[in-house]
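Everything on this sheet refers to the single structure shown next.
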Amino acid sequence: MKNEQDIRIPEGLNQRLSSLIDELDAQERKRKSIRLRWWSTVSVAACVALAIGIGVHTHSQDKKLIEVNSVEEAQIQTERALMAFSQALNKGLKQIEKADETTVRVNESFQNCIK
Amino acid sequence: MKRFQILLFAFILSASAFAQKEFIDKLGNIDGVTSVYVSKTMLKLLPQLDVKELNLKKISQKMDGVEILTAENQNAAKKLKSGALSYLQKNKYEQLMEVKDGKDNTIIYMKQKNKDYSSFVLLSADGNHTGFTLIALSGSLTLEDIQSIR
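If you read the protein sequences in the order shown, they are chains L and B.
All letters in the first sequence, in the order written, are residues 1 to 115 by the numbering used here.
All letters in the second sequence, in the order written, are residues 1001 to 1150 by the numbering used here.
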């Protein structure tokens, strides 16, 4: 085992290590500063987007629109909307059912013909 | 991570500020088009929708809003129809069904925004092309709910 006194430290190693540590520290500070600026920018952008969203929403209330203020009017309009949907959907589904039945009948006839 | 969550929340909040009355906001300014909007709050205030043979109350509680746009003349009908079709295509609404009854034509579109939230849109044109109606429903209702109304 070598004596401590026999271990030679290269010249200037202290300074080189010291300057390397300083350089790495400066890089880390720069990275932190960039990260902080980025987050600040994004958080400001988010606040602006939120403010614009609320502004547009409020402004859109002024457009040509029948405001349903009475419960009776709301009921009439809601019933109208739901009835229209239901009638159209059920009409369509009825036709699909009819087509399905026809397909089954045709298939049965075909099977009988093959036999 | 905490900062990211706060930012994400702010962005989602701003997005939802745009989401209400999407059809009225987009198409309600066309001349000759009348718009009606029933909000979620108003839907909750509705008394028992106790119309014979209909089952509306349960469904209205699942709804977030109702938009109805009606075109009252031929020109408005043409603009509303083309605007609606363009908007639905751009926003990836899927066509569920088209029903032609004589000269009248009705199309139903749907968009599932997540597991518990869907939008349904009904476009109805009369055979003379003088009238056109768009009805949009949104909320946690399903096709089965709509079918069960009548």
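Even glycine gets a Cβ: it sits at the ideal position worked out from N, Cα and C.
Taking 9 Å as the CB-CB cut-off, is residue i touching chain L?
i, result
"B/L1088", "no"
"B/S1060", "yes"
"B/D1064", "no"
"B/F1023", "no"
"B/E1072", "no"
"B/L1080", "no"
"B/E1094", "no"
"B/L1122", "yes"
"B/L1045", "yes"
"B/D1101", "yes"
"B/I1149", "yes"
Do you know whose CA, among the options, lies nearest residue i's CA?
i, options, result
"B/V1121", "B/I1107, B/D1101, B/K1115", "B/I1107"
"B/Q1095", "B/N1073, B/K1115, B/G1083, B/L1123", "B/L1123"
"B/T997", "L/I21, L/S86, L/G92", "Any question about residue 997 of chain B goes unanswered here, given that chain B covers just 1001 to 1150."
"B/G1083", "B/I1024, B/M1042, B/N1114", "B/I1024"
"B/S1140", "B/N1073, B/S1060, B/Y1093", "B/S1060"
"B/N1105", "B/T1133, B/K1058, B/K1092", "B/T1133"
"B/L1085", "B/D1145, B/K1058, B/K1026, B/L1045", "B/K1026"
"B/S1148", "L/Q111, L/V106, L/L89, L/D100", "L/L89"
"B/L1046", "L/D22, L/Q75, L/L24, L/S18", "L/Q75"
"B/E1072", "B/Q1089, B/A1125, B/D1145", "B/A1125"
"B/K1021", "B/N1114, B/K1057, B/D1064, B/Q1089", "B/D1064"
Which residues bound the beta strand (DSSP E) around residue i?
i, result
"B/T1070", "1063-1071"
"B/K1100", "1094-1101"
"B/D1104", "1104-1114"
"B/S1124", "1117-1125"
Measuring only between beta-carbons, confirm whether residue i sits less than 9 Å from chain B.
i, result
"L/K63", "Residue placement at L/K63 is poorly supported in this model, since its pLDDT is 45, which falls under 50; the coordinates still yield a value, given next. Judged by the 9 Å Cβ criterion, L/K63 is in contact with chain B."
"L/V104", "no"
"L/A88", "yes"
"L/A26", "no"
"L/S60", "For L/S60, the predicted model reports a pLDDT of 48, less than 50, meaning its position is unreliable and no value from the coordinates is stated."
"L/K30", "no"
"L/K91", "yes"
"L/R37", "no"
"L/A99", "no"
"L/Q75", "yes"
"L/Q111", "no"
Considering residue i, what are the terminal residues of the alpha helix (DSSP H) in which it resides?
i, result
"B/D1025", "1022-1027"
"L/T103", "71-114"
"B/L1143", "1143-1147"
"B/L1043", "1040-1045"
"B/S1140", "Looking at the DSSP string, B/S1140 is not in any alpha helix (DSSP H), and its letter there is neither H nor E."
"B/G1083", "1074-1090"
What residues in the segment 1125-1147 of chain B bring their beta carbon closer than 8 Å to a beta carbon of chain D? You won't find chain D in this structure, because its protein chains are L and B.
At least 3 beta-carbon pairs within less than 8 Å: the segment 1029-1041 of chain B vs the segment 1061-1070 of chain B: yes
Check whether the segment 1072-1088 of chain B touches the segment 1125-1138 of chain B, counting contact only when three or more Cβ pairs, one atom from each stretch, lie closer than 8 Å. yes
Can you confirm whether the segment 1097-1117 of chain B touches the segment 37-51 of chain L when touching is taken to mean that 3 or more C-beta pairs between the two stretches lie within less than 8 Å? no
Taking one C-beta from the segment 79-98 of chain L and one from the segment 1084-1102 of chain B each time, how about it: are there three or more such pairs within less than 8 Å? yes
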